[in-house]
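In what follows, a single structure is set out as structure tokens and then discussed.
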Amino acid sequence: MSVNYSLAHMSSEPGNPGGEKKYYAKAQASGEVTMDEMAEDIAYATSLTDGDVLNALRALIKQVNKHLAAGKIVRLENFGSFQLQLQSDGTLTEKEFTSANITGASIQFRPGKPIKAATRAGDGGLTFKRVPTLKEAALSGSEDETPGGSTQPGGSDNEDPLG
Numbered sequence: 012m013s014v015n016y017s018l019a020h021m022s023s024e025p026g027n028p029g030g031e032k033k034y035y036a037k038a039q040a041s042g043e044v045t046m047d048e049m050a051e052d053i054a055y056a057t058s059l060t061d062g063d064v065l066n067a068l069r070a071l072i073k074q075v076n077k078h079l080a081a082g083k084i085v086r087l088e089n090f091g092s093f094q095l096q097l098q099s100d101g102t103l104t105e106k107e108f109t110s111a112n113i114t115g116a117s118i119q120f121r122p123g124k125p126i127k128a129a130t131r132a133g134d135g136g137l138t139f140k141r142v143p144t145l146k147e148a149a150l151s152g153s154e155d156e157t158p159g160g161s162t163q164p165g166g167s168d169n170e171d172p173l174g
């Protein structure tokens with residue numbers, strides 16, 4: 012599989028705009044796949060119908076949300092695990108800290124071995140192809156060749172599964 016990337020000129024010290032700037036690779040998404048499309052593929056590979064697969068996936072999402080909200084680590088065998096991570100403002104002493112210092116929550120995903128294997132470069136794994144940034148494509152007038160999608164690292168939209 013080939014992953015498209017472009018280059019971004021950014022500070023080498025996150026949070027310090029005056030830090031030395033270096034070029035870093037940023038994954039460029041080449042599209043997206045919906046749950047309906049994946050359900051169709053899974054149905055084709057199994058004896059389940061599209062509807063059966065969608066119902067099972069929707070039920071799984073509800074269960075993951077329920078257990079994450081209860082503070083549990085959700086481990087989905089070889090797929091990986093999900094766990095809540097908290098962001099907070101720090102205090103000088105433990106006594107000063109209250110729940111009001113918690114500013115947000117996110118979900119950390121730790122992929123299982125088969126999922127991690129999909130990110131290995133070489134040996135039948137990933138290859139990388141440089142593509143123009145949206146700005147470069149606009150300057151050259153070749154927007155047709157610009158890949159669609161996110162400029163977020165990893166090409167994700169950072170959706171919050173807890174919704």
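Quick note, the sequence shown lines up with residues 12 to 174 if you use this note's numbering.
Using N, Cα and C, we set each Cβ at its ideal position, and we do this for glycine too.
Model, not experiment: these values are computed from the prediction.
Own chain residues within Cβ distance below 6 Å of residue i, not counting five before or after
{"i": "residue 20", "result": "32, 34"}
{"i": "residue 17", "result": "37, 39, 142, 144"}
{"i": "residue 15", "result": "39, 41, 140, 142, 158"}
Cβ shell of residue i (< 8 Å), same chain only, five flanking positions each side left out
{"i": "residue 98", "result": "113, 114, 115, 116, 117"}
Where residue i falls: helix, strand or coil (DSSP)
{"i": "residue 69", "result": "helix"}
{"i": "residue 129", "result": "coil"}
{"i": "residue 23", "result": "coil"}
{"i": "residue 92", "result": "strand"}
{"i": "residue 85", "result": "strand"}
{"i": "residue 56", "result": "helix"}
{"i": "residue 115", "result": "strand"}
{"i": "residue 41", "result": "coil"}
{"i": "residue 10", "result": "The chain is shown only over 12 to 174; residue 10 falls outside these bounds and no answer can be derived."}
{"i": "residue 162", "result": "With a pLDDT of 40 at residue 162, under the threshold of 50, the predicted position of this residue should be treated as unreliable, and no value is reported."}
{"i": "residue 142", "result": "coil"}
{"i": "residue 106", "result": "coil"}
Distance between residue j and residue i (C-alpha atoms, nearest Å)
{"i": "residue 93", "j": "residue 63", "result": "24 Å"}
{"i": "residue 105", "j": "residue 95", "result": "21 Å"}
{"i": "residue 61", "j": "residue 44", "result": "15 Å"}
{"i": "residue 73", "j": "residue 85", "result": "12 Å"}
{"i": "residue 78", "j": "residue 71", "result": "11 Å"}
{"i": "residue 148", "j": "residue 131", "result": "29 Å"}
{"i": "residue 13", "j": "residue 127", "result": "16 Å"}
{"i": "residue 109", "j": "residue 103", "result": "12 Å"}
{"i": "residue 46", "j": "residue 107", "result": "45 Å"}
Residue i beta carbon near the ligand ADP (any heavy atom closer than 8 Å)
{"i": "residue 127", "result": "Although the ligand ADP was asked about, the structure shown includes no ligands whatsoever."}
Of the listed residues the options, nearest to residue i (C-alpha basis)
{"i": "residue 51", "options": "87, 67, 138", "result": "67"}
{"i": "residue 129", "options": "83, 107, 59, 91", "result": "91"}
is_contact[residue i, chain B] using C-beta, thresh 9 Å
{"i": "residue 41", "result": "Reference to chain B is not applicable here, since this structure consists of a single protein chain."}
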